[in-house]
Every structure is written in structure tokens, then in C-alpha cells.
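A.B. asks:
Protein chains: 2
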Amino acid sequence: MTTEHHKAAKQRIFEAALALFARKGYAGVGVREIAKKAEVNISMINYYFGEKAGILKAIINECYDRYFKTIKPVGDEDLPLEEHIRKMIRTVIKFFKDNTELVIVAFDIIPLDIPEVMELKIKWVTGIREGMAHFRMKLRVDAQDILQESVGPTAIIAVILNHFQSKYAAEQYPQFKEYAAQLNDEFYERYANALADLFLYGYMGRKKKEEK
Amino acid sequence: MTTEHHKAAKQRIFEAALALFARKGYAGVGVREIAKKAEVNISMINYYFGEKAGILKAIINECYDRYFKTIKPVGDEDLPLEEHIRKMIRTVIKFFKDNTELVIVAFDIIPLDIPEVMELKIKWVTGIREGMAHFRMKLRVDAQDILQESVGPTAIIAVILNHFQSKYAAEQYPQFKEYAAQLNDEFYERYANALADLFLYGYMGRKKKEEK
DNA sequence: TCGTTTTAATCAATCGTTCGTTTACACTAT
DNA sequence: ATAGTGTAAACGAACGATTGATTAAAACGA
Numbered sequence: 053m054t055t056e057h058h059k060a061a062k063q064r065i066f067e068a069a070l071a072l073f074a075r076k077g078y079a080g081v082g083v084r085e086i087a088k089k090a091e092v093n094i095s096m097i098n099y100y101f102g103e104k105a106g107i108l109k110a111i112i113n114e115c116y117d118r119y120f121k122t123i124k125p126v127g128d129e130d131l132p133l134e135e136h137i138r139k140m141i142r143t144v145i146k147f148f149k150d151n152t153e154l155v156i157v158a159f160d161i162i163p164l165d166i167p168e169v170m171e172l173k174i175k176w177v178t179g180i181r182e183g184m185a186h187f188r189m190k191l192r193v194d195a196q197d198i199l200q201e202s203v204g205p206t207a208i209i210a211v212i213l214n215h216f217q218s219k220y221a222a223e224q225y226p227q228f229k230e231y232a233a234q235l236n237d238e239f240y241e242r243y244a245n246a247l248a249d250l251f252l253y254g255y256m257g258r259k260k261k262e263e264k
Numbered sequence: 053m054t055t056e057h058h059k060a061a062k063q064r065i066f067e068a069a070l071a072l073f074a075r076k077g078y079a080g081v082g083v084r085e086i087a088k089k090a091e092v093n094i095s096m097i098n099y100y101f102g103e104k105a106g107i108l109k110a111i112i113n114e115c116y117d118r119y120f121k122t123i124k125p126v127g128d129e130d131l132p133l134e135e136h137i138r139k140m141i142r143t144v145i146k147f148f149k150d151n152t153e154l155v156i157v158a159f160d161i162i163p164l165d166i167p168e169v170m171e172l173k174i175k176w177v178t179g180i181r182e183g184m185a186h187f188r189m190k191l192r193v194d195a196q197d198i199l200q201e202s203v204g205p206t207a208i209i210a211v212i213l214n215h216f217q218s219k220y221a222a223e224q225y226p227q228f229k230e231y232a233a234q235l236n237d238e239f240y241e242r243y244a245n246a247l248a249d250l251f252l253y254g255y256m257g258r259k260k261k262e263e264k
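One line per chain: the protein sequences are S and D, in this order. Numbers given in the working numbering equal positions in the first sequence, counted from 1, plus 52. Numbers given in the working numbering equal positions in the second sequence, counted from 1, plus 52.
1. Do you know offhand how far Thr206 (chain S)'s Cα is from Gln200 (chain S)'s?
2. How would you label Pro132 (chain S), buried or exposed, when you count the other beta carbons within 10 angstroms and need 16 or more for buried?
3. Got a sec: is the Cβ-Cβ distance from Gly273 (chain S) to anything in chain D below 8 Å?
4. Assuming Ala158 (chain S) and Tyr116 (chain S) are in contact, meaning their beta carbons sit under 8 Å apart, how far apart are those beta carbons, in whole angstroms?
5. Where does the unbroken alpha helix (DSSP H) through Lys264 (chain D) begin, and where does it stop?
6. On the DSSP letters alone, give me the boundaries of the alpha helix (DSSP H) that Ala158 (chain S) sits inside.
7. Look at the alpha carbon of Tyr220 (chain D) and the alpha carbon of Glu91 (chain D), and state the distance between them as a whole number of angstroms.
8. Which complete alpha helix (DSSP H) runs does the region 188–221 of chain D hold, if anything under 4 residues is left out?
9. Tell me whether Gln217 (chain D) is buried or exposed, calling it buried when 16 or more other Cβ atoms sit within 10 Å of its Cβ.
10. Consult DSSP for Thr55 (chain S) and reduce its assignment to one of helix, strand or coil.
11. Taking the alpha-carbon positions, what's the Tyr255 (chain S) to Leu72 (chain D) distance?
12. Does the distance from the C-beta atom of Leu108 (chain D) to that of Val193 (chain D) stay below 8 Å?
13. Evaluate the contact criterion for the region 242–249 of chain S versus the region 242–262 of chain D: three or more CB pairs, one atom per stretch, below 8 Å.
14. Straight-line CA distance for Tyr119 (chain D) to Ala185 (chain D)?
15. Quick check: is the beta carbon of Leu172 (chain S) nearer than 8 Å to any beta carbon in chain D?
16. For Lys89 (chain S), which residues from the same chain have a beta carbon less than 6 Å from its beta carbon, with the 5 sequence-adjacent residues on both sides left out?
17. For the alpha helix (DSSP H) holding Glu230 (chain S), just list the boundary residues, first then last.
18. Going by beta-carbon coordinates alone, are Arg266 (chain D) and Ala244 (chain D) separated by less than 8 Å?
19. Any Cβ of chain D within less than 8 Å of the Cβ of Asp165 (chain S)?
20. Out of S:Ala222, S:Asn113, S:Glu230, S:Glu263, state which residue places its alpha-carbon closest to the alpha-carbon of Arg75 (chain S).
21. Looking at chain D, is there any beta carbon in it that lies within less than 8 Å of the beta carbon of Arg44 (chain S)?
22. My output table needs one value for Gly183 (chain D): the three-state DSSP class, helix, strand or coil.
23. Is DSSP giving Tyr225 (chain S) helix, strand or coil here?
24. Applying the 10 Å Cβ sphere with the 16-neighbour rule, what's the burial state of Lys62 (chain S)?
25. Name, going along the chain, the residues of the region 177–196 of chain D whose beta-carbon falls closer than 8 Å to a beta-carbon of chain S.
26. Using a cut-off of 7 Å between C-beta atoms, extract the partners of Gln217 (chain S) located in chain D.
27. Thinking C-alpha only, which one of S:Val81, S:Ile180, S:Lys149 is nearest Ile123 (chain S)?
28. Measuring only between beta-carbons, confirm whether Ala105 (chain D) sits less than 8 Å from chain S.
29. When you compare the CB positions of Ile111 (chain S) and Leu172 (chain S), do they come within less than 8 Å of one another, or not?
30. Relative to the alpha-carbon of Gln234 (chain D), which residue among S:Ser95, S:Gln196, S:Glu263, S:Ile65 has its alpha-carbon at the smallest distance?
31. What in chain D is Cβ-close to Ala244 (chain S), meaning under 8 Å?
32. Just how far apart, CA to CA, sit Ile198 (chain D) and Glu238 (chain D)?
33. For chain D, check one thing: does any of its Cβ atoms lie closer than 8 Å to the Cβ of Asp249 (chain S)?
34. Taking 8 Å as the cut-off, decide whether the C-beta atoms of Met96 (chain S) and Ile65 (chain S) are in contact.
35. If you draw a straight line from the C-alpha of Asp150 (chain D) to the C-alpha of Lys264 (chain D), how long is it?
36. If Val211 (chain D) sits next to Ala210 (chain S), beta carbons under 8 Å apart, how far is it from one beta carbon to the other, in whole angstroms?
Shown next, in the form of C-alpha cells:
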């Protein structure tokens, strides 16, 4: 009972902070607002997370950990190239869809001014990059070549991230609820295929052109 | 007296706030910090901008106004499709490069929680969307079709925005200065071409597939 | 009774905003 | 030419509210 309650309170703080950070940004939310939404006392935040930034660190760790565990095994699969790319894009879209708030908060560039948080992000991004080396090689993307990277994997992720940021914003405003409602499972099946087509035709077309 | 001192106080406040907002986010910066950086008295902020949010509104207006004035005439030109697309992508990249801080602050989804600011953004986005109707039609992108829009113009903008967010972040951290230094004019010429290739091959490939 | 969990109260610091006053310069009436 | 008037710009100080953080003590289950 104690342990369950313990975890429940910590989890409630985590989820309340996550929702608020996604809407207002890390600096835009105070610990009292988090405590109120989580229905806990203010001091519980410091008790469980040490400091306000501790919640953000926990969110970042949770997000990148889930992300890595989701895409790493897909990247390591042995599939024909096109099918492999399509599966990866589907996987990433599903992850972003199922973890929108986590992604919005953890993948946000800001705050740039909290060194500890930045270092944590850098550590994760570096690790994931290394973990996806095999898949990257299969795509024949040289990670050292900024251009290849910028119009390749990074571009796809940027498009997907941007989409879910927009979707999240739309869900917050009544006048766009109708728009957001169109973004159902059926849409994301088509969306994943369309993005994969864009990447496949575009990227492979570029490869072919380069080799000439 | 330095040159900075001779600049109008209002302009100094604007520029100081812009740089700080880009780094720390709107909520992460206090008026005292802005006043200190701008070398003005705190009360000057309210004197010139009414309220803190007034600076953000001014930034948003300045950014979208410049953006619209930059891309609208390009969109209205009468060029062969491929050349037109390439020119538009070059134009957008140059705009983002020359106005990185403005774009980072104004195009940021956050803050979602200040209704006035959100409405201002919506007004601008709607207006620009209408202004680019001709170009959109030329691309045969139906603005009502979320899928076409998502993997078309919106996707390209998202990629470019993401690139300059990353570049800006890299410039803030000494360990990535070397990376940022590679992003010179010569790179952006290649980058624009690569993005245009990606879009053109991808777009044409998708169109061809659809028609089957 | 013991260790853990939760509470209310409080800390110094900072938040955005507003106050009354002063400075600097342009214009006008004498 | 001079004194008086109007106005915008800038100032320091202070407002009440809120920030993140910490405390000692109460409440809890074992």
C-alpha cells in the first residue's frame, strides 16, 4: 500500500508536470501549479524529484529511453531496404503519436540555459545516434556528412515532430478541434506511406543523381 | 558612449528580448534581465511595449511581416515549376538564415497559454496561407487535404525550421562551434539544392504513383 | 514504538507592473 | 531674446504576488 501510494504520487506529479510543460514550456510552469494539478503538496515535488529540474530530467530520460527501446530493434532488423525504411517511419510516427507530450517536452531545444539538462540531452542523442549506426549505414547515410544527414533521417524526424507539435497545439484550441479530429489511425497509415514515398523517391532520386 | 547607446531605446529592448527569448524561451526571461541587457530602465519596457507580452507580439508581427513580404513576391512569380520551387526553397532558407532568432521565437508553438499571442499567430498564418494560394495551386497541393499539405510545403518548412533551431543551439555550446562553423554560404547553396531535389523527386515520384 | 509519508508554514529572491518625479527639447507668447 | 508651456523619454523606488526551496511537526502504517 505504501509503495503503491508512493509511486502513485510520484507518477501523478510526473504526468501533471508533463502536461503543463508541453503547454507552457518548462519555465512557464511553477511547482505550485504542478502540485495543484497532481493533487499533492508542494514539498512532495522536492521530496521525489529533488528539484524542479529533476522532473524535467526524469521526463527526458523517460522519453529517450522509450524512444531508443522502440526504434533500436527495428533498426537492427534484417529487411529489404524499402520495407525497412517504411517500417521505421511507421514506428517513429506511432511512437510520436503515443508519446506526444513526452516528445514535445524532451525534444524541445529550449531550455538551452540549463547546462545539466543540455548535457543529458546530448548524452542521449549521442547514444541513440551510435545505436542506429547499422541502420544509417544501410541507408548509406554518412553521419559525418551534415548535408546527407540534414536532408535524410534528421529531415524525416523534423517533419514528424513538427506535425505532432501542430496537432498538439490544435487540440488545445477549440477552433481547431475539427482539424485535429481528422488525424485518426486511418490518416496516420496514409501519412506514414506518404512520408515514406517522399523519402524513398526523393532520397533515392538524389542518390541516383549524385552517382552520375 | 558606444554605438549601442545611440540606438533607440525601444529597438535595444526589442533586440535584447529577442536574443534572450530565443535562448531561454519567453517565460524563461524576466523583464529585469531584458532591461539590463538593453541597458535601459525596467519601466521603459512597459513604457514602450505596454506589457511584457507586448514585446513578444512585436517580435511575432515583425517576423511574419518580413516573412510574408519576402516569400509572397516569389510565390507570385511566373517561372517553370521546378525553377519556381527551387527559388522558393532558396528564398525561405535565406530568410531563416538571416532572421534565425526572429523565426525561433515567432514560429515556436509555445506559449500556447497566452490567448492574445495565439490569436495573433493564427491571424498571420491564415493570412500567409491565403497569400500563397496561387503558388500552392501551381504545386497542385490542395490546402484542404491535410496529407498533401503535411508531406508538401509544411514538411519543407518544418525541415528548414528544425535545421536552424539546431544550428542556433549548436552556436550556443562551445563543443558544437566547430559543427556550426561548417554551415557557411557554400553549405546553404548545396543544402537548398538538396532539399529541392528531395522535394522534387519525392513529389514527382508520389504524383506518378498516385496517377497509377 | 519506529520509520516513512504528508502536511502547513515560512524563507529569501524574483516576478511583472506602476508610481511620482525629473530631464531634455520644441514651441509659443510676451 | 526670454520666460513659460507642453510633451516624450527616462529614472529610481516600490507595489503585491509568486517563485523554488526548506523546515519542523503531524499523520500514517507496520
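All C-beta atoms in this analysis are idealised placements derived from N, C-alpha and C, irrespective of residue type, glycine included.
C.D. replies: With the given structure in hand:
1. Counting from 1 along the first sequence, the entry for residue 206 (chain S) is found at position 154. Counting from 1 along the first sequence, the entry for residue 200 (chain S) is found at position 148. Thr206 (chain S) and Gln200 (chain S): Cα-Cα distance of roughly 9 Å.
2. Mapped onto the first sequence, residue 132 (chain S) falls at position 80. Exposed.
3. Beyond the ends of chain S as shown, which are 53 and 264, falls residue 273 (chain S); an answer cannot be given.
4. Position 106 of the first sequence, counted from the first residue, corresponds to residue 158 (chain S). Position 64 of the first sequence, counted from the first residue, corresponds to residue 116 (chain S). Sure, about 6 Å apart at Cβ, within 8 Å.
5. Looking up residue 264 (chain D) in the second sequence gives position 212. Lys264 (chain D) -> no alpha helix (DSSP H), and no H or E assigned at all.
6. For the purposes of this step, residue 158 (chain S) is taken as the residue at position 106 of the first sequence. Start and end: 152–158.
7. Along the second sequence, one-based indexing puts residue 220 (chain D) at 168. Along the second sequence, one-based indexing puts residue 91 (chain D) at 39. Roughly 24 Å between the two C-alpha positions.
8. 198–202
9. The residue given as residue 217 (chain D) occupies position 165 in the second sequence. That one is buried.
10. In the first sequence, the residue the question calls residue 55 (chain S) occupies position 3. In this prediction, Thr55 (chain S) has a pLDDT of 43, which is less than 50 and means its spatial position is unreliable; what the coordinates show is noted afterwards. Reduced to three states, the DSSP call for Thr55 (chain S) is helix.
11. Taking the first residue of the first sequence as 1, we reach residue 255 (chain S) at position 203. Taking the first residue of the second sequence as 1, we reach residue 72 (chain D) at position 20. Going by the C-alpha atoms only, they are around 37 Å apart.
12. Mapped onto the second sequence, residue 108 (chain D) falls at position 56. Mapped onto the second sequence, residue 193 (chain D) falls at position 141. No. Outside cutoff.
13. yes
14. Looking up residue 119 (chain D) in the second sequence gives position 67. Looking up residue 185 (chain D) in the second sequence gives position 133. Each residue's Cα considered, the two are about 16 Å apart.
15. For the purposes of this step, residue 172 (chain S) is identified with residue 120 of the first sequence, where counting begins at 1. With 8 Å as the cut-off, Leu172 (chain S) does not count as an interface residue toward chain D.
16. For the purposes of this step, residue 89 (chain S) is taken as the residue at position 37 of the first sequence. Result list for Lys89 (chain S): Ala68, in chain order.
17. Indexing the first sequence from 1 puts residue 230 (chain S) at position 178. Segment 229–233, the alpha helix (DSSP H) holding Glu230 (chain S).
18. Any answer about residue 266 (chain D) is impossible in this case: the structure gives chain D only from 53 up to 264.
19. On the first sequence, residue 165 (chain S) is found 113 positions in, with the first residue counted as 1. Yes, contact with chain D.
20. Residue mapping note: residue 75 (chain S) aligns to position 23 of the first sequence, counting from 1. Nearest of S:Ala222, S:Asn113, S:Glu230, S:Glu263 to Arg75 (chain S), Cα basis: S:Ala222.
21. The structure shown does not extend to residue 44 (chain S), since chain S is modelled only from 53 through 264, so no value can be given for it.
22. Taking the second sequence and counting its residues from 1, the one referred to as residue 183 (chain D) is at position 131. Here Gly183 (chain D) sits in helix by DSSP.
23. In the first sequence, counting from the first residue as 1, residue 225 (chain S) sits at position 173. Correct three-state label for Tyr225 (chain S): coil.
24. Reading the first sequence from its first residue, position 10 is the one you call residue 62 (chain S). Lys62 (chain S) should be labelled buried.
25. none
26. On the first sequence, position 165 is the one that residue 217 (chain S) refers to. Ordered by position in chain D, the residues that pass the 7 Å Cβ test against Gln217 (chain S) are Ile161.
27. Here the question's residue 123 (chain S) lines up with position 71 in the first sequence. Of the candidates S:Val81, S:Ile180, S:Lys149, the one whose C-alpha sits nearest the C-alpha of Ile123 (chain S) is S:Ile180.
28. Position 53 of the second sequence, counted from the first residue, corresponds to residue 105 (chain D). Not one chain S Cβ lies under 8 Å of Ala105 (chain D).
29. Counted from its first residue, the first sequence places residue 111 (chain S) at position 59. Counted from its first residue, the first sequence places residue 172 (chain S) at position 120. Against a cut-off of 8 Å, the Cβ pair of Leu172 (chain S) and Ile111 (chain S) comes out as no contact.
30. Working through the second sequence from its first residue, we reach residue 234 (chain D) at position 182. Measuring from the Cα of Gln234 (chain D), the nearest candidate turns out to be S:Gln196.
31. Position 192 of the first sequence, counting from 1, holds the residue named residue 244 (chain S). By Cβ distance, chain D contributes nothing, its closest Cβ being about 10 Å from Ala244 (chain S), past 8 Å.
32. Residue 198 (chain D) sits at position 146 when you count from the first residue of the second sequence. Residue 238 (chain D) sits at position 186 when you count from the first residue of the second sequence. Straight-line Cα distance between these residues: approximately 34 Å.
33. Indexing the first sequence from 1 puts residue 249 (chain S) at position 197. Taking Cβ atoms only, chain D reaches closer than 8 Å to Asp249 (chain S), which makes this a yes.
34. In the first sequence, the residue the question calls residue 96 (chain S) occupies position 44. In the first sequence, the residue the question calls residue 65 (chain S) occupies position 13. Yes.
35. In the second sequence, residue 150 (chain D) corresponds to position 98, counting from 1. In the second sequence, residue 264 (chain D) corresponds to position 212, counting from 1. Going by the C-alpha atoms only, they are around 42 Å apart.
36. Here residue 211 (chain D) is taken as the residue at index 159 of the second sequence, counted from 1. Here residue 210 (chain S) is taken as the residue at index 158 of the first sequence, counted from 1. Going by Cβ atoms, the distance from Val211 (chain D) to Ala210 (chain S) rounds to 5 Å, so yes, they are a contact pair.
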